[in-house]
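Visitor: Handing you a structure now.
Residue numbers (our numbering), protein chains in the order written: chain Z, 15 to 126; chain F, 70 to 183.
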């Protein structure tokens with residue numbers, strides 16, 4: 015079945031550091047890939063998505079590229095801010111009628 | 070903006086009680102979902118609904134039931150709450166967009182069962 019594997023956390027970085035959060039997936043067919051973010055005390059919200067191979071999703075300075083050859087969708091940001099402290103979830107959807115499959119999430123803490 | 074509203078932010082119940090968690094969305098979305106979020110386990114799907122009066126089991130439906138009598142409202146019911154149901158419960162909704170489907174989440178209900 016479909017699955018999403020995220021790197022183990024938590025991750026703690028200093029402000030302005032470079033961020034990479036790894037995500038790999040297993041799926042049938044050609045899934046769409048998503049990153050959701052959960053800020054403290056809030057529900058999840060969509061951060062970015064990519065619907066086909068080599069697509070790059072981007073939002074709020076974050077980027078992720080859909081790599082079919084490595085079945086990966088790593089999240090990157092060049093310079094993190096304290097306000098980026100949150101839990102980040104990678105997710106996939108493998109068919110029009112399928113449900114979203116989420117990874118376990120990773121907590122990012124950015125210190126001033 | 071789409072709004073998904075969960076009735077309670079925090080809830081404390083006793084073992085054996087019947088518990089209702091309510092969720093309302095204001096964007097006429099067809100799809101609604103209930104997840105629970107636990108540390109180290111991420112999000113797990115309990116039940117979902119693609120239309121009024123329709124319901125489908127998710128990955129962990131045991132001990133739960135749902136009700137969708139109106140399009141905008143999706144209720145999660147714990148018939149007899151147990152301590153292992155202490156968790157953060159998240160409701161979400163979406164409109165049918167196939168592979169581009171985007172979920173909108175409520176802020177969650179932290180349920181403690183004592």
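In this text, a Cβ means the ideal position worked out from N, Cα and C, and glycines have one as well.
Note that this is a predicted model, so its numbers are computed, not measured.
Applying the 10 Å Cβ sphere with the 16-neighbour rule, what's the burial state of residue 87 of chain F?
Guide: exposed
Visitor: Can you grab the Cα-Cα spacing for the pair residue 114 of chain Z / residue 106 of chain Z, in whole Å?
Guide: 6 Å
Visitor: Have a look at Z:23, Z:42, Z:101 and flag the residue whose alpha-carbon is nearest the alpha-carbon of residue 49 of chain Z.
Guide: Z:101
Visitor: Determine the direct distance from the alpha carbon of residue 109 of chain F to that of residue 119 of chain F, and round the result to whole angstroms.
Guide: 29 Å
Visitor: With a floor of 3 residues, list each beta strand (DSSP E) that falls wholly inside the region 102-149 of chain F, ordered by position along the chain.
Guide: 111-118, 134-139, 142-147
Visitor: For residue 114 of chain Z, return the contacting residues in chain F, with the cut-off set at a CB-CB distance below 7 Å.
Guide: 172
Visitor: Helix, strand or coil for residue 177 of chain F? Go by DSSP, reduced to three states.
Guide: coil
Visitor: Measuring only the C-alpha atoms, how far is residue 119 of chain Z from residue 96 of chain Z?
Guide: A straight line joining the alpha-carbon of residue 119 of chain Z with that of residue 96 of chain Z spans about 19 Å.
Visitor: Helix, strand or coil, according to DSSP, for residue 96 of chain Z in the structure here?
Guide: helix
Visitor: Comparing the C-beta of residue 65 of chain Z with each C-beta of chain F, is any distance below 8 Å?
Guide: yes
Visitor: Since I believe residue 86 of chain Z is in contact with residue 65 of chain Z (beta carbons under 8 Å), could you give me their beta-carbon distance rounded to a whole number of angstroms?
Guide: Going by Cβ atoms, the distance from residue 65 of chain Z to residue 86 of chain Z rounds to 16 Å, so no, they are not a contact pair.
Visitor: Any beta carbon from chain F within less than 8 Å of residue 56 of chain Z's own beta carbon?
Guide: yes
Visitor: Is residue 154 of chain F helix, strand or coil when you go by DSSP?
Guide: helix
Visitor: Evaluate the contact criterion for the region 131-139 of chain F versus the region 70-80 of chain Z: three or more CB pairs, one atom per stretch, below 8 Å.
Guide: no
Visitor: Report yes if the C-beta distance between residue 117 of chain Z and residue 85 of chain F is below 8 Å; otherwise report no.
Guide: no
Visitor: Can you tell me whether residue 167 of chain F is helix, strand or coil according to DSSP?
Guide: Residue state, collapsed to three classes: helix.
Visitor: Considering only residues of the same chain and omitting the five flanking positions on each side of residue 127 of chain F, which have a CB-CB separation below 7 Å?
Guide: 114, 115, 116, 117
Visitor: Just to confirm my understanding: we take residue 152 of chain F, look at its own chain, exclude 5 residues before and 5 after, and list those with CB closer than 8 Å. What are they?
Guide: 84, 182, 183
Visitor: Between the alpha carbons of residue 125 of chain F and residue 52 of chain Z, how many angstroms are there, rounded?
Guide: 26 Å
Visitor: Round the Cβ separation of residue 167 of chain F and residue 75 of chain F to the nearest angstrom and send it over; I've been treating them as touching at under 8 Å.
Guide: In fact, because the Cβ distance is near 27 Å, the residues do not count as touching under 8 Å.
Visitor: Could you list the residues in the region 116-147 of chain F with a C-beta less than 8 Å from some C-beta on chain Z, going in chain order?
Guide: 117, 127
Visitor: Where residue 122 of chain F and residue 94 of chain F are concerned, what is the direct C-alpha to C-alpha distance, given to the nearest angstrom?
Guide: 16 Å
Visitor: My assumption, with CB atoms under 8 Å, is that residue 159 of chain F sits in contact with residue 23 of chain Z. Please give the rounded CB distance.
Guide: With a beta-carbon spacing of about 19 Å, residue 159 of chain F and residue 23 of chain Z fall beyond the 8 Å limit used to define contacts.
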